[in-house]
Amino acid sequence: MYTFICENNIDGIFTGVYDAWASRYGHKNIRLLSQPPANYELFQEYITVIPDCNKSEKVARTLKNRLGEEVHYLICQAILANELTTRKGGLDKADCVYRTIVLGLAMNDGTKVLQALGEPYVHRVFELSRATEAESHHLLGFLRFSELENGVLFATIHPKNNVLPVLGEHFTDRLPMENFLIYDEVRRLAIIHKAGKHYLIADASTLNQDIIKRYSEKELEYRRLWCAFFDSIAIDTRKNPALQQQNIPKRFWKDTVELSGTHNEKIP
Amino acid sequence: MHITESLSLMDKLNILSDAAKYDVACTSSGIDRSGNGKGMGNTLAPGICHTFSADGRCVSLLKILFTNECIFRCAYCQNNCNTDVPRASFTPDEVCTLTMEFYRRNYIEGLFLSSGILVSPSYTMELIYQTIYKLRNIHRFNGYIHVKAIPGADPLLIEKTGFLADRMSINMELPTAQSLRALAPNKSRTTILKPMRMIQSGITQNRYDVALYRQAPHFVPAGQSTQMIIGATPESDYQVIKVAESLYQNFELKRVFYSAFINVTHSSQLPALPGGPPLLREHRLYQADWLLRYYHFQADELLSETRPDFNVFLDPKCDWALRHLEYFPVEINRADYKTLLRVPGIGAKSAKRIVTARRMNRLDFADLKKIGVVLKRALYFITCSGKMMYNTKLEEDYICQNLMRDKTQIPKEFRHSGYEQLSLFDAEHLADFGINANKCSSLL
Ligand code: SF4
Numbered sequence: 012m013y014t015f016i017c018e019n020n021i022d023g024i025f026t027g028v029y030d031a032w033a034s035r036y037g038h039k040n041i042r043l044l045s046q047p048p049a050n051y052e053l054f055q056e057y058i059t060v061i062p063d064c065n066k067s068e069k070v071a072r073t074l075k076n077r078l079g080e081e082v083h084y085l086i087c088q089a090i091l092a093n094e095l096t097t098r099k100g101g102l103d104k105a106d107c108v109y110r111t112i113v114l115g116l117a118m119n120d121g122t123k124v125l126q127a128l129g130e131p132y133v134h135r136v137f138e139l140s141r142a143t144e145a146e147s148h149h150l151l152g153f154l155r156f157s158e159l160e161n162g163v164l165f166a167t168i169h170p171k172n173n174v175l176p177v178l179g180e181h182f183t184d185r186l187p188m189e190n191f192l193i194y195d196e197v198r199r200l201a202i203i204h205k206a207g208k209h210y211l212i213a214d215a216s217t218l219n220q221d222i223i224k225r226y227s228e229k230e231l232e233y234r235r236l237w238c239a240f241f242d243s244i245a246i247d248t249r250k251n252p253a254l255q256q257q258n259i260p261k262r263f264w265k266d267t268v269e270l271s272g273t274h275n276e277k278i279p
Numbered sequence: 005m006h007i008t009e010s011l012s013l014m015d016k017l018n019i020l021s022d023a024a025k026y027d028v029a030c031t032s033s034g035i036d037r038s039g040n041g042k043g044m045g046n047t048l049a050p051g052i053c054h055t056f057s058a059d060g061r062c063v064s065l066l067k068i069l070f071t072n073e074c075i076f077r078c079a080y081c082q083n084n085c086n087t088d089v090p091r092a093s094f095t096p097d098e099v100c101t102l103t104m105e106f107y108r109r110n111y112i113e114g115l116f117l118s119s120g121i122l123v124s125p126s127y128t129m130e131l132i133y134q135t136i137y138k139l140r141n142i143h144r145f146n147g148y149i150h151v152k153a154i155p156g157a158d159p160l161l162i163e164k165t166g167f168l169a170d171r172m173s174i175n176m177e178l179p180t181a182q183s184l185r186a187l188a189p190n191k192s193r194t195t196i197l198k199p200m201r202m203i204q205s206g207i208t209q210n211r212y213d214v215a216l217y218r219q220a221p222h223f224v225p226a227g228q229s230t231q232m233i234i235g236a237t238p239e240s241d242y243q244v245i246k247v248a249e250s251l252y253q254n255f256e257l258k259r260v261f262y263s264a265f266i267n268v269t270h271s272s273q274l275p276a277l278p279g280g281p282p283l284l285r286e287h288r289l290y291q292a293d294w295l296l297r298y299y300h301f302q303a304d305e306l307l308s309e310t311r312p313d314f315n316v317f318l319d320p321k322c323d324w325a326l327r328h329l330e331y332f333p334v335e336i337n338r339a340d341y342k343t344l345l346r347v348p349g350i351g352a353k354s355a356k357r358i359v360t361a362r363r364m365n366r367l368d369f370a371d372l373k374k375i376g377v378v379l380k381r382a383l384y385f386i387t388c389s390g391k392m393m394y395n396t397k398l399e400e401d402y403i404c405q406n407l408m409r410d411k412t413q414i415p416k417e418f419r420h421s422g423y424e425q426l427s428l429f430d431a432e433h434l435a436d437f438g439i440n441a442n443k444c445s446s447l448l
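Just so you know, the sequences run in chain order A and B. Using the numbering used here, the final residue of the first sequence is 279, and nothing's skipped along the way. Using the numbering used here, the final residue of the second sequence is 448, and nothing's skipped along the way.
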């Protein structure tokens, strides 16, 4: 058995898919992992995959051509999901992706591969993809930008899954002429977007924590206006905190303006 | 009337969002439009909720009135010319600034602009038009805009606005012309339906234009919607859904919204509703609306002159099924898609899956469960290969009693908030349906 240990991101796992395929060890004898194993087993060969943009690009192209844009997108989304294995530890994310691709390429019509939900690994890819999708859809709405002194729009998020690429596409399309930065504090990664350009995802572990607290002159005023709107739009006779919490789960509250419970303190 | 000039933006926003909150539509759905690389904004067909207010409703658009001054006298409305409330009006620039600054910060998906009637319907419509014009052309806003068309305004103004907005709506307000006369003396069926018809033909015409010249500007691309107030007047559910049905069929509306009446004006013309707004009834109407739009039901099948209201304790599909036991049981391995759709506990998705899956092999109850059928509802109405799941009787009272034992008939949010209100009128309401109250004791 040959085990390919991949880096847990799109390039890492796609490179793993490429290397595994190119190794010609036979699919049955191959396993991919999206993290180093807890215990190394005897009589196993472990191969550490070094992410390679060219290989990853090739895999992406093959997926788009043979399995279609949509399947490619959904597989990427699955890779961005947080859970590396199922709760019982059975199905590794990278391995599920690999097997789904192998199956898709063997089918007459590879665009239908994600309908083969009877296959546990396809089902897993589907589930993971949905987890990322649901959370990113939430954040398209729940994310809040603050305007900093230097005019940059800044947002902090704490997502379970790596939603940055999805958010990057969305906000670049939506706010093309703004400079903005979306900071994933869990992963210490950030989207950096310059007006009129495409976005980048960068390591943000050295982000200047001072600058992001210096708001523009108008910022607090708009926050206050927003909170006033938020309070007055609710209908008292229909008050329903249970429904509210069901719709916007508590874990998102601290990164919003209106529900963080801090807007009153911050505002003089 | 209060002087508005000295009000700050904050005061105005407080007054004019408070005055807009009873309009229930806040969706930003119906159209996909990518950014244009220069201005600001795009739209997504499913819509995006940006937050949820304390009443649990989605906040998607900056929902405000342009002004809450009003020369009309609608009895149910807190802005009518007889009430003593603080009045305010925005300027077009103020609306633009709020929209742009909120949008950049990702507070909102766009703007929902409605208005009281200042000076005259056309005068007000002109102000709304100017506002939207500035937003689109000066601020280059490319996000979602929903505008109210003011009944009685110059058609040309409504048309011009339609080329800038994504969605337009004119509220039906009340289901019958009679109620409208009684409560909204300055409005009439004609002043409401005429612009609605105009927008409809505008949309149809625009479809051709856009097909011919791809550059043609879009007219109300996310369609039109309307709203009816429920429980202010004595109309039955039957009357309400008949109106909704004809709006969908004859006016091609995208959505009809229902708004549980809240007595804000405390006018003696209106019911007092000590149990609070009729939220559960509103919920049942939304469910029925869903049956009209997606399940091929007709209003006349759901209710009738002799049985004009839904049983609020059951979802309308269960209610319908109980009264049409002659259609059941349905054989899962044979029934066509439309028949399956009518079975309680089988949604559109499960119906499709059943049709696909049974091509491979005969389905049994375990398969249905995997497919996502809600068996505790469906089991009374179906057979698999000729067999029922349990030895149940096909009998109205018996099934009703069992279905009511199922807590999920009343959604969680109503079990918490609307429960007392529910038990206020239960006995009497149940009697209306020929149901003996003690049979439903498990619920009460
Ligand atoms: S027209 Fe009627 S409903 Fe509209 S603001 Fe005036 S009084 Fe209220």
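Here a beta-carbon is modelled for each residue, glycine too, at the ideal position from N, C-alpha and C.
Collapsed DSSP secondary structure at residue i in the structure displayed
i, result
"Ala23/B", "coil"
"His300/B", "coil"
"Ile68/B", "strand"
"Glu239/B", "coil"
"Ile112/A", "helix"
"Ala213/A", "strand"
"Cys388/B", "strand"
"Glu160/A", "coil"
"Cys87/A", "helix"
"Leu78/A", "helix"
"Leu17/B", "helix"
"Met408/B", "helix"
"Cys78/B", "coil"
"Met129/B", "helix"
"Leu200/A", "strand"
"Ala292/B", "helix"
"Ser12/B", "coil"
Segment limits, alpha helix (DSSP H) that includes residue i
i, result
"Gly206/B", "Arg193 to Leu216"
"Ile118/A", "According to the sequence as given, residue 118/A is Met; it is not Ile. Taken as a continuous stretch (DSSP letters only), Met118/A belongs to no alpha helix (DSSP H), as it is neither H nor E."
"Arg259/B", "No alpha helix (DSSP H) contains Arg259/B, which is instead part of the beta strand (DSSP E) from Arg259 to Ala264."
"Gln228/B", "Counting along the chain, Gln228/B falls outside any alpha helix (DSSP H), though it belongs to the beta strand (DSSP E) covering Gln228 to Ile234."
"Phe25/A", "Ile21 to Ser34"
"Leu184/B", "Ala181 to Leu187"
"Phe145/B", "Element bounds for Phe145/B: n/a, residue is neither H nor E."
"Arg108/B", "Pro96 to Arg108"
"Ala49/A", "First-last for Ala49/A: undefined, no H or E at that position."
"Ser147/A", "Pro131 to Phe153"
"Ile52/B", "That residue, Ile52/B, is in no alpha helix (DSSP H); it is neither H nor E in DSSP."
Segment limits, beta strand (DSSP E) that includes residue i
i, result
"Gly114/B", "Gly114 to Ser118"
"Phe191/A", "Phe191 to Asp195"
"Val151/B", "Tyr148 to Lys152"
"Tyr293/A", "With chain A covering only 12 through 279, there is no way to say anything about residue 293/A."
"Ser173/B", "Arg171 to Ser173"
Legend entry - the stretch 112-127 of chain B contacting the stretch 20-38 of chain B, beta-carbon criterion three pairs below 8 Å: yes
Legend entry - Residues of the stretch 218-231 of chain B with Cβ closer than 9 Å to any Cβ of chain A, in chain order: Hits within the stretch: zero.
Legend entry - Whole runs of the alpha helix (DSSP H) within the stretch 216-275 of chain A, excluding any shorter than 4 residues: DSSP runs (the alpha helix (DSSP H)) wholly in the stretch 216-275 of chain A: 230-244 and 252-258.
Legend entry - Unbroken stretches of the beta strand (DSSP E), 3 residues or longer, contained in the stretch 306-355 of chain B: none
Inset, instruction - Please confirm if the stretch 191-202 of chain B is in contact with the stretch 142-152 of chain B, defined as three or more CB-CB distances below 8 Å between the two stretches. - result: Contact annotation: the stretch 191-202 of chain B does not touch the stretch 142-152 of chain B, with fewer than three C-beta pairs closer than 8 Å.
Legend entry - Contact the stretch 102-122 of chain A vs the stretch 22-31 of chain A: 3+ CB pairs below 8 Å: Using a C-beta cut-off of 8 Å, the stretch 102-122 of chain A makes contact with the stretch 22-31 of chain A, since at least three inter-stretch Cβ pairs fall below that distance.
Legend entry - Given 8 Å, three or more beta-carbon pairs between the stretch 96-108 of chain B and the stretch 296-309 of chain B: no
Inset, instruction - Please determine if the stretch 375-395 of chain B and the stretch 340-350 of chain B are in contact, where contact requires at least 3 C-beta pairs separated by less than 8 Å. - result: yes
Inset, instruction - Would you check if there are 3 or more beta carbon pairs closer than 8 Å linking the stretch 134-142 of chain A to the stretch 239-258 of chain A? - result: Output reads no: the stretch 239-258 of chain A does not touch the stretch 134-142 of chain A.
Inset, instruction - Could you run through the stretch 127-147 of chain A and flag, in chain order, every residue whose CB is less than 8 Å away from some CB of chain B? - result: Within the stretch 127-147 of chain A, no residue has a Cβ that lies closer than 8 Å to any Cβ of chain B.
Legend entry - Members of the stretch 217-234 of chain A near chain B, C-beta cut-off 7 Å: Against chain B - using a Cβ distance shorter than 7 Å - the residues of the stretch 217-234 of chain A are Tyr233.
Inset, instruction - Compile a chain-ordered list of the residues in the stretch 94-115 of chain B whose CB is closer than 8 Å to at least one CB of chain A. - result: Leu102, Glu105, Phe106, Arg108, Arg109, Asn110, Tyr111 and Glu113
Inset, instruction - Output, in sequence order along the chain, the residues in the stretch 276-291 of chain B whose CB is closer than 8 Å to any CB in chain A. - result: Gly280, Pro281 and Leu283
Inset, instruction - Quick one: which residues of the stretch 345-356 of chain B get their C-beta closer than 9 Å to a C-beta of chain A? List them in chain order. - result: Taking 9 Å as the upper bound on Cβ-Cβ separation, chain A lies near no residue of the stretch 345-356 of chain B.
Legend entry - chain A contacts made by the stretch 53-80 of chain B, where a contact means CB separation under 9 Å: Those would be Cys53, His54, Thr55, Phe56, Ser57, Ala58, Asp59, Gly60, Arg61, Cys62, Val63, Ser64, Leu66, Lys67 and Ile68, in chain order.
Legend entry - Segment contact, 8 Å Cβ cut-off, at least three pairs: the stretch 185-193 of chain B with the stretch 130-137 of chain B: no
Inset, instruction - Decide yes or no for the touch test of the stretch 16-31 of chain B against the stretch 115-132 of chain A: beta carbon pairs closer than 8 Å, at least 3 of them. - result: no
Inset, instruction - Count the C-beta pairs between the stretch 85-92 of chain B and the stretch 157-177 of chain A that are closer than 8 Å, then say yes if the count reaches three, no if not. - result: Contact fails between the stretch 85-92 of chain B and the stretch 157-177 of chain A, because fewer than three Cβ pairs, one in each stretch, are under 8 Å apart.
Inset, instruction - Spell out a yes or no on whether the stretch 225-233 of chain A and the stretch 172-191 of chain B are touching, meaning 3 or more CB-CB pairs, one atom from each, closer than 8 Å. - result: no
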